[in-house]
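Notes follow once the structure below has been shown.
Encoded structure:
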């Protein structure tokens, strides 16, 4: 086949091949979380490491630099050029880290994470610290290498892998603004909700019924069950591939809201994946834009739509059908249940109002930690001070519900936390943009007509994939770059309106 | 690391690496059958083809021949030497087929198999024949290349991949003996059973209860659920890896015996896999000996043990617990239900007495077909003649329950069918060997004490894996090579005793 773009075509084939190996990795990862019996773990880990090593070799193939340069001279469409930009980025970052460091990091974090599983329940900060010091050391080493290569600061270089183009200066600007008004807003919301009479739902809520309900809600939210599944795992997540998205959730008999809202959250991730541009699948330009943009989709579903009073109206009769009539299912009461704000120690249990406090606290600790401005042993006292400041909660000596609570730090996932709250802010910005073009949006949601939400997201986010930088995507979708004022307006309207 | 066997060690690492990639393939294959939604199929097929191509390259690496020869000069243990023999065999066979032929075969069989799915229900032999002629042609081409390489006849060269060392001369000898007495034995058994009063079980048998029952039976049969699973798929099979065996079965509400006995069958495969020598996993010598030996394990479970009157006694109270009391569950009646013999058109529905007739018929057709002695269009009339001869059943014009019934021929799986009945014969030979050393075996089975069966199989079959040739394994386990007299004695004792 003769072509005017031989180097580009050859690269596209190379990346498609990596994508196919990645497909296998996605499915066996999902299987590990959803299905694998305990004795399968070692053989699975060895097999996945073999695949990771293969992918690393393919990603860092020595000839790729020249091939990229040659392709850049070819007559390409804008889309192909965007694809080439993403290819170059992937190659550039992969070659920054020597394989020995990648392997060493893997060993050190696996040891720390494994011990953490028992150290956390034992509240054993001292024991954790011993394994965590080498984790921080190797993360700094990794950050230094990436910083050298990219010209970014160390922390920014780590964050850039999850959130391309985002800098800690920008995060500080955004979080700095939120920090001004959030503690006061939490106070006012908590005070105001104290006067609400909320009727608690009465369980048990049989898991079989919860599963049926969740599947119905997922289908109502437009997830294509012909191209994906909903299963159970200890830690809910969304994985698989766009043609076969694997979402998981977890159930407990005494409550139905966590599984239901968790499922709504994963459905946002799932629909983004299912609606990435099919004709480009396998190419880097078809990948999801970033972790914050991904999170903006799950939160568009869970918070903007799923915690909307109109959604409570739609869901109420489905609850009656699933569990029988009870006073708690009255739509107004249901909505109050869904939007109850409560200061707490645990990030993953937090509501949308207090959640950013958890994230800002982590950002304010992990950034200086990676930059070498503070040391691992300084973390607990900083944590305590910030928890008092942001949430009026005393956490002294309670490491397990403090700096030991997340798996991110034992795993050296530094630079990831900000994405959660950036995602919430993007989601608020998308909702505001929708309302500008669709003034009757809220009424339509209340009638169970969610199509306008999905259409807007499909057009502005899902189909765009990695065509544009995050800032350009945001401007095209909403007229400006990330602006936390939309998030503030959303919280005020919903919780103080 | 210095070592006295550098070439052997290097080969062992190479084969371990292939094994790990194979692990990924096993899990995604299982997932495709058990979980994958329909729209995931194309991407999955492409990803699995990518993995197959990688494995083919690793298997046929040009340096392997020299490395094998060097390793053969090293001071190896008997076990290492057996491993090397299996490595050489795998390499030797893999290099026989050019990649172009493998790819062409894949395309031709995929087309034939895909069309067959609708041609079979439509009874469309003429339509099928059009796609099947190229399938037979490429299978002959493949057979000719393998025959050139191995010095075997064409059909034997195909069969040798599933059943190393087995020849059509040996199969003809064995099947020839069976053919002498089987049709008469079927006649006598059917006549004798006509007098039995058998009470039919009364359904429905809720699938949830069947699942609980099957799990209990599988656990009772010693399957380790910490190293495997039991799930549902359209076509029951056993897959996965020894550390994580994935068995599947299928349920229907109106009957419980097919799912139960199918599960017992798969558990035989599953325990063989789970008990292959752990310390050698990843090396060819640890692989299951052959397809017939694998089938001898599933049939040791399903037929020798699972259809034993003592097993019916053990299982009867479990049925009462699962489905409530009913007259059909009386142990004697239950056993008559389990061992009912009925001539039929469909191989997969056949009982153990008539099953060999289905297999011999296929062997007698596919062997001359591959050798070029008959042509694809000759198959239906041969089928009809042999069905009359073996089973007194007229199948003229009924292609869908005749030569169109199996997926093997559309997929060019020639040489596989004999393994099913060889497996049944090996299983009878194992049971006879067990009884020689354990005269009280039947009484112990009746008391639910199955440990002697498992211990014998573990010691003589499972732990031996591919240490010996099939004939040597058989002699070591039972004192002689395959002897169909044991199968005859088993059927006579069970059905005419």
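Residue numbers (my numbering), protein chains in the order written: chain X, 1036 to 1532; chain W, 1036 to 1532. Cβ coordinates follow ideal geometry from the N, Cα and C atoms, glycine included.
message: Going by beta-carbon coordinates alone, are residue 1160(X) and residue 1439(X) separated by less than 8 Å?
response: Residue 1160(X) sits at position 125 when you count from the first residue of the first chain. Residue 1439(X) sits at position 404 when you count from the first residue of the first chain. Yes, these two residues count as a Cβ contact at 8 Å.
field: Alpha-carbon to alpha-carbon, residue 1195(W) and residue 1407(W)
entry: Looking up residue 1407(W) in the second chain gives position 372. Looking up residue 1195(W) in the second chain gives position 160. Roughly 18 Å between the two C-alpha positions.
- prompt: Using the rule of at least 16 other Cβ atoms within 10 Å of the residue's Cβ for burial, across every protein chain shown, is residue 1283(X) buried or exposed?
  reply: Counting from one through the first chain, the residue named residue 1283(X) turns up at place 248. The residue is buried, with at least 16 neighbouring Cβ atoms inside 10 Å.
- prompt: For the candidate residues 1148(X), 1262(X), 1346(X) and 1334(X), whose alpha-carbon lies nearest to that of residue 1313(X)?
  reply: Mapped onto the first chain, residue 1313(X) falls at position 278. Answer by Cα proximity: 1262(X).
message: Measuring only the C-alpha atoms, how far is residue 1051(X) from residue 1352(W)?
response: What you label residue 1051(X) is simply residue 16 of the first chain in a count that begins at 1. What you label residue 1352(W) is simply residue 317 of the second chain in a count that begins at 1. Straight-line Cα distance between these residues: approximately 56 Å.
task: Can you give me, in chain order, the residues of the stretch 1054-1075 of chain X that have a beta carbon less than 7 Å from any beta carbon in chain W?
output: 1055, 1056, 1058, 1059, 1062, 1063, 1066, 1070, 1071, 1072, 1073, 1074 and 1075
- request: Would you list the one or two residues that DSSP bridges to residue 1280(W)?
  value: Here residue 1280(W) is taken as the residue at index 245 of the second chain, counted from 1. According to DSSP, residue 1280(W) bridges with 1263(W) and 1275(W).
task: Drop a sphere of 10 angstroms on the beta-carbon of residue 1076(X), count the other beta-carbons inside from all chains shown, and report buried for 16 or more, exposed for fewer.
output: The residue given as residue 1076(X) occupies position 41 in the first chain. By the C-beta density criterion, residue 1076(X) is exposed, having fewer than 16 other C-beta atoms within 10 angstroms.
- prompt: According to a CB-to-CB cut-off of less than 8 Å, which residues of the stretch 1500-1531 of chain W neighbour chain X?
  reply: Interface annotation for the stretch 1500-1531 of chain W against chain X: empty, criterion Cβ-Cβ distance under 8 Å.
field: Partners in chain W for residue 1279(X), counting only beta-carbon separations shorter than 8 Å
entry: Translated into positions along the first chain, residue 1279(X) becomes position 244. Simply 1071, 1072, 1074, 1075, 1078 and 1079.
query: On the three-pair Cβ rule with 8 Å, is the stretch 1182-1200 of chain X touching the stretch 1450-1460 of chain X?
result: yes
- prompt: Considering only C-alpha positions, which residue in the set 1367(X), 1418(X) and 1522(X) is nearest to residue 1457(X)?
  reply: Locating residue 1457(X) in the first chain gives position 422, counting from the first residue. That would be 1522(X), whose Cα lies nearest to the Cα of residue 1457(X).
message: Along the chain, where does the alpha helix (DSSP H) containing residue 1414(X) start, and where does it finish?
response: Position 379 of the first chain, counted from the first residue, corresponds to residue 1414(X). Segment 1414-1426, the alpha helix (DSSP H) holding residue 1414(X).
- prompt: From the beta carbon of residue 1042(X), is the nearest beta carbon of chain W less than 8 Å away?
  reply: Residue mapping note: residue 1042(X) aligns to position 7 of the first chain, counting from 1. So, not an interface residue.
task: Could you tell me whether any Cβ in chain W is nearer than 8 Å to the Cβ of residue 1597(X)?
output: Lying outside 1036 to 1532, the shown extent of chain X, residue 1597(X) is not represented and no answer is given.
Backbone CA spacing between residue 1122(X) and residue 1317(X) [nearest angstrom]: As a first step, residue 1122(X) is located in the first chain; it is residue number 87 there, counting from the start. As a first step, residue 1317(X) is located in the first chain; it is residue number 282 there, counting from the start. One C-alpha to the other measures close to 11 Å.
message: Can you pull the chain X neighbours of residue 1257(W), defined as C-beta to C-beta under 8 Å?
response: For this step, residue 1257(W) is matched to residue 222 along the second chain. Chain X residues near residue 1257(W): none, gap ~15 Å exceeds 8 Å.
Cβ-based burial, residue 1036(X) [other Cβ within 10 Å; buried from 16]: Taking the first residue of the first chain as position 1, residue 1036(X) is located at position 1. Low confidence applies to residue 1036(X): its pLDDT is 49, below 50, so where it sits in the model is not reliable, and the reading given next is rough at best. Under the 10 Å beta carbon count, residue 1036(X) is surrounded by fewer than 16 other beta carbons and is classified as exposed.
- prompt: Tell me, which residues are paired with residue 1290(W) by DSSP?
  reply: Counting from 1 along the second chain, the entry for residue 1290(W) is found at position 255. Residue 1290(W) pairs with 1287(W).
query: Is DSSP giving residue 1050(X) helix, strand or coil here?
result: Locating residue 1050(X) in the first chain gives position 15, counting from the first residue. Three-state DSSP puts residue 1050(X) in a helix.
- prompt: Going along the chain, which unbroken runs of the alpha helix (DSSP H) with 4 or more residues stay wholly within the stretch 1087-1166 of chain W?
  reply: Inside the stretch 1087-1166 of chain W, DSSP marks whole alpha helix (DSSP H) runs of 4 or more residues at positions 1099-1107, 1113-1129 and 1134-1154, from first to last along the chain.
message: So with CB distances below 8 Å, who are the chain X contacts of residue 1052(W)?
response: Start at 1 with the first residue of the second chain, and residue 1052(W) comes out as number 17. Those within 8 Å of residue 1052(W) in chain X are 1085.
message: Mapping the DSSP letters down to three states, classify residue 1201(X) as helix, strand or coil.
response: Along the first chain, one-based indexing puts residue 1201(X) at 166. In the structure shown, residue 1201(X) falls within a coil segment according to DSSP collapsed to helix, strand and coil.
query: At a CB-CB cut-off below 7 Å, which residues of chain W make contact with residue 1264(X)?
result: Taking the first chain and counting its residues from 1, the one referred to as residue 1264(X) is at position 229. Residues of chain W passing the Cβ test: 1070 and 1072.
query: Closest to residue 1425(W) by CA distance: which of 1140(W), 1221(W) and 1079(W) is it?
result: The count along the second chain starts at 1 and reaches residue 1425(W) at position 390. Looking at the Cα atoms, 1221(W) is the closest of the given residues.
field: Proximal residues of chain W, C-beta to C-beta of residue 1276(X) below 9 Å
entry: Working through the first chain from its first residue, we reach residue 1276(X) at position 241. Result: 1075, 1078, 1079 and 1082.
query: So the alpha helix (DSSP H) residue 1510(X) belongs to, where does it begin and stop?
result: Along the first chain, one-based indexing puts residue 1510(X) at 475. Its alpha helix (DSSP H) spans residues 1505-1513.
- prompt: Do residue 1374(X) and residue 1342(X) have their CB atoms nearer than 8 Å?
  reply: Here residue 1374(X) is taken as the residue at index 339 of the first chain, counted from 1. Here residue 1342(X) is taken as the residue at index 307 of the first chain, counted from 1. In this structure, residue 1342(X) lies closer than 8 Å to residue 1374(X) by Cβ.
- prompt: residue 1061(W) and residue 1305(W) look like a contact to me (Cβ under 8 Å); what is the Cβ gap, rounded to whole Å?
  reply: Sequence index remark: in the second chain, residue 1061(W) carries index 26 (1-based). Sequence index remark: in the second chain, residue 1305(W) carries index 270 (1-based). Their Cβ separation, rounded to whole angstroms, is 13 Å, which puts residue 1061(W) and residue 1305(W) out of contact at 8 Å.
query: When the Cβ atoms of the stretch 1485-1499 of chain X are set against those of the stretch 1168-1184 of chain X, are three or more pairs found closer than 8 Å?
result: no
- prompt: When we look at the beta-carbon of residue 1058(X) and count the other beta-carbons within 10 Å, is it buried (16 or more) or exposed?
  reply: Position 23 of the first chain, counting from 1, holds the residue named residue 1058(X). Residue 1058(X) comes out buried.
task: Just the C-alpha distance for residue 1139(W) and residue 1368(W), rounded to the nearest angstrom, thanks.
output: Stepping through the second chain from its first residue, residue 1139(W) is reached at position 104. Stepping through the second chain from its first residue, residue 1368(W) is reached at position 333. One C-alpha to the other measures close to 52 Å.
- prompt: What is the DSSP secondary structure of residue 1038(X), counted as helix, strand or coil?
  reply: Within the first chain, numbered from 1, the residue matching residue 1038(X) stands at position 3. Reduced to three states, the DSSP call for residue 1038(X) is coil.
Boundaries (first-last residue) of the alpha helix (DSSP H) holding residue 1462(X): The residue you call residue 1462(X) lines up with position 427 of the first chain. Where residue 1462(X) is concerned, the enclosing alpha helix (DSSP H) stretches over 1452-1472.
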